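Residue numbers (our numbering): 2 to 205.
First up is the structure itself, then whatever we jot down about it.
In structure tokens, the structure reads:
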């Protein structure tokens, strides 16, 4: 979401028409014999969106929590249940971290000064995505899985899908620019990749 909208004038990302009318029609998907395969989204849910609710104490803007809540509500209601939200959570904890020595940036971490800092982590979203993708593939619910991420944490799940099913895998990198390449550890398990979403598609 943020990777696509950052640096653009757009504040709303309508996921279903973006993929149904623009991203997926731009891809030619072939089977193991090189034949072009037709595609269609599942009726319900068509898209599974993995996210976590923002915590107010660490939000970057004063309206971040309410804006996200409105967006999530819109996704749930706008397309009659065709978008399913699967939520993880944010964990905020104090922890000790090593700081880079300004006079000797190459100094080993064990030799650097230690301070206490806040650690903000999104929990379960990657695990939920990996488990859902593997579950839907291994149970035959899909024959083509499109994963929108550039996070290599999902790579082992894609590897298992390739090893145990005939499901075709596509990876879409969620960025609006063309200067960010897909992670090689991720796309080596994909049948196809798309490394950006262009401004015309976002505008539509």
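Heads up, the beta-carbon is just placed ideally off N, CA and C, and yes, glycines get one too.
The structure displayed is predicted, hence computed values, not measured ones.
Item                                                                                                                                                            : Value
Taking contact to mean at least 3 C-beta pairs separated by less than 8 Å, is the segment 29–44 in contact with the segment 86–93?                              : no
Using C-beta distances below 7 Å, list every residue in its chain close to residue 94, excluding the 5 sequence neighbours before and after it, in chain order. : 120
Going by Cα to Cα distance, which pick from 78, 24, 186 is closest to residue 160?                                                                              : 186
For residue 131, which of 40, 107, 123, 148 has the nearest alpha-carbon?                                                                                       : 148
Determine the direct distance from the alpha carbon of residue 78 to that of residue 153, and round the result to whole angstroms.                              : 31 Å
From the DSSP secondary-structure annotation, give me the bridge partner or partners of residue 1.                                                              : This structure leaves residue 1 out entirely; the chain is present only between 2 and 205.
Only counting runs of 4 or more residues, tell me where the alpha helix (DSSP H) segments fall wholly within the segment 94–140, in order along the chain.      : 126–139
With a cut-off of 8 Å, do at least 3 Cβ pairs link the segment 48–66 to the segment 180–199?                                                                    : no
Can you tell me the Cα-Cα spacing of residue 38 and residue 162, whole angstroms?                                                                               : 19 Å
Is it true that the CB of residue 146 sits closer than 8 Å to the CB of residue 173?                                                                            : no
Name the residue from 192, 201, 150, 193 whose alpha carbon lies nearest to the alpha carbon of residue 181.                                                    : 150
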